[in-house]
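Undergrad:
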Amino acid sequence: MFYGELAETTDSIELPDCEYESLLELFRYMYSDEVIVSGSNVMGMLYLAKKYMVPLLADKCTEYLQENLDPSNVFSILPSAQKYEEKNLMDRCWKVIDNQTEEAVKSDEFATIDKSLLEAVVARDTLSIKEVNLFKAVNLWATNECGRQGLTTDGEIKRRILGESIVKGIRFPVMKQDEFADAVLDSKILTPEEVIAFFKYYNSALNSPLEFSESVRSGFHDDNIYRCGRFQSIGKNGWDYCEKMDGIDFTVDKDINLHGLCLFGSENNDYTVTLTIKETSSHIALALKTGTFSSKPLQHANANYYGFEILFDSKVECKKNTKYRIEAVISGPRSWVGNRLFALV
8 MFYGELAETT DSIELPDCEY ESLLELFRYM YSDEVIVSGS NVMGMLYLAK
58 KYMVPLLADK CTEYLQENLD PSNVFSILPS AQKYEEKNLM DRCWKVIDNQ
108 TEEAVKSDEF ATIDKSLLEA VVARDTLSIK EVNLFKAVNL WATNECGRQG
158 LTTDGEIKRR ILGESIVKGI RFPVMKQDEF ADAVLDSKIL TPEEVIAFFK
208 YYNSALNSPL EFSESVRSGF HDDNIYRCGR FQSIGKNGWD YCEKMDGIDF
258 TVDKDINLHG LCLFGSENND YTVTLTIKET SSHIALALKT GTFSSKPLQH
308 ANANYYGFEI LFDSKVECKK NTKYRIEAVI SGPRSWVGNR LFALV
């Protein structure tokens with residue numbers, strides 16, 4: 008702008024695309040290598056750092072955004088991360104959205120996101136939200152969009168604004184029937200034919216397949232924890248823990264979040280456990296849990312037994328068709344034991 012064949016010829020150069028505070032910090036960094044990053048100037052500085060090719064300043068901006076990322080601001084940060092192709096920041100944003108979906112979609116920013124981003128959110132299998140609450144957030148977005156465009160707010164117009172990709176991305180079949188009746192019917196986004204098909208589905212009277220996914224999102228866990236049982240039956244006091252390592256290898260056929268394990272124990276006894284989960288190929292430890300656990304009555308598919316739950320501090324993300332290994336060193340009295348492995352688990 009100042010030198011060379013394309014230099015400006017006027018006495019002053021106007022920069023209408025930036026704010027004073029952000030420009031001041033750009034100058035401060037260029038002349039002193041120091042910068043004051045804040046919530047009010049970080050987006051403007053990131054824009055200027057990208058425009059004028061100051062990569063180290065851009066790094067400082069993205070570091071600040073990552074450190075201050077939360078569900079209330081993730082939908083204001085993610086579009087900038089996508090625009091400037093900041094992959095690490097994008098990944099962190101999606102992780103917040105996946106792990107704290109309920110809070111994120113209730114933010115003010117969610118109601119104003121672009122349709123393309125809304126479509127990307129609805130398409131994700133890893134969201135942790137009740138499907139009815141996701142639908143409510145999408146319906147509110149459509150209502151607000153009708154207002155922005157000056158359109159009448161009715162179901163047919165909201166569906167046209169959303170588009171079939173977003174509507175068909177909502178997993179209506181995983182809702183409970185009362186949730187569907189309370190939240191979906193009044194929105195009038197579904198056609199009368201679709202509504203009839205869903206009530207037939209709920210009453211096991213549907214003869215043709217639905218055009219909506221019937222799979223619960225892998226990131227969602229409500230009051231229910233989905234359990235995978237290894238044994239067809241269980242017996243009392245049949246296993247000695249000898250403080251040697253036990254291990255199980257497993258794979259999954261879809262991405263899941265593993266929240267914990269149940270191990271056998273016996274009545275009124277304590278067990279000391281060191282538990283590790285690793286990705287087999289890399290031997291990278293994904294979770295480590297140690298402690299003393301008290302045995303209590305637990306529910307098996309066919310009967311009750313004594314054992315103890317080990318819940319991880321944070322969920323372990325297991326990818327499909329990847330081999331994992333659970334290793335445990337356990338010390339304590341004889342425990343209950345499982346009999347006859349299932350052919351498929």
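Residue 8 is where the sequence shown starts when you use our numbering, and the numbers rise one by one after that.
We treat Cβ as the ideally placed atom computed from N, Cα and C, and that holds for glycine.
Tell me whether the beta-carbon of L147 lies closer than 9 Å to the beta-carbon of T108.
TA: no
Undergrad: Got a sec? Which residues, its chain only, sit under 7 Å from S353 by beta carbon, not counting five neighbours each side?
TA: Residue 353 is absent from the model: the chain starts at 8 and stops at 352.
Undergrad: Please determine, among G51, E12 and E41, the residue with the shortest C-alpha to C-alpha distance to L30.
TA: G51
Undergrad: Quick one: Cα of L197 to Cα of N75, how far?
TA: 39 Å
Undergrad: Helix, strand or coil: which one does DSSP assign to K58?
TA: Residue state, collapsed to three classes: helix.
Undergrad: Rounded to whole angstroms, what is the Cα-Cα separation between L282 and I136?
TA: 29 Å
Undergrad: Straight-line CA distance for T287 to R332?
TA: 6 Å
Undergrad: Check whether the Cβ atoms of Y278 and F315 lie closer than 9 Å to each other.
TA: yes
Undergrad: Do you know how far the Cα of G170 is from the Cα of F206?
TA: 23 Å
Undergrad: Should N210 be labelled buried (16 or more other beta-carbon atoms within 10 Å of its own) or exposed?
TA: exposed
Undergrad: Could you give the distance in angstroms between the alpha-carbon of V259 and the alpha-carbon of P86?
TA: 33 Å
Undergrad: Could you tell me the boundaries of the beta strand (DSSP E) in which M8 lies?
TA: Counting along the chain, M8 falls outside any beta strand (DSSP E), and DSSP gives it neither H nor E.
Undergrad: Give the DSSP-derived three-state secondary structure of F378 in the structure shown.
TA: Since the first residue shown for the chain is 8 and the last is 352, residue 378 is missing from the structure and cannot be characterised.
Undergrad: Assuming the contact rule is C-beta atoms closer than 8 Å, L270 and I317 should be a hit. Round their C-beta distance to whole Å, please.
TA: 7 Å
Undergrad: According to DSSP, is P340 part of a helix, a strand, or is it coil?
TA: Coil, per DSSP.
Undergrad: Going by DSSP in three states, Q184 sits in which element: helix, strand or coil?
TA: Three-state result, Q184: helix.
Undergrad: For C325, write down the residues that DSSP places opposite it in a beta bridge.
TA: I263
Undergrad: From D24 to T16, what distance separates their C-alpha atoms?
TA: 20 Å
Undergrad: Would you kindly work out how many angstroms separate the C-alpha atoms of G176 and L125, rounded to a whole number?
TA: 11 Å
Undergrad: Could you check the C-alpha separation between S385 and M97 for me, to the nearest Å?
TA: What is shown of the chain runs 8 to 352, which leaves residue 385 out entirely.
Undergrad: Roughly how many angstroms separate the alpha carbons of C153 and T299, rounded to a whole number?
TA: Taking the straight line from one Cα to the other gives about 57 Å.
Undergrad: Within a Cβ cutoff of 8 Å, which residues of the same chain sit near D161, ignoring the five residues on either side of it in sequence?
TA: Answer for D161: K195, listed in chain order.
Undergrad: Judging by CA-CA distance, which residue of S289, M8 and F257 is the nearest neighbour of N328?
TA: F257
Undergrad: Could you check the C-alpha separation between E116 and A292 for me, to the nearest Å?
TA: Here the alpha carbons of A292 and E116 stand approximately 36 Å from one another.
Undergrad: Within 10 Å of its beta-carbon, does I284 have 16 or more other beta-carbons around it, so buried, or fewer, so exposed?
TA: buried
Undergrad: With the cut-off set at 9 Å, would you say D77 and V49 are in Cβ contact?
TA: no
Undergrad: According to DSSP, is Q43 part of a helix, a strand, or is it coil?
TA: Gln is not the amino acid found at residue 43; the sequence shown has Ile there. Here I43 sits in coil by DSSP.
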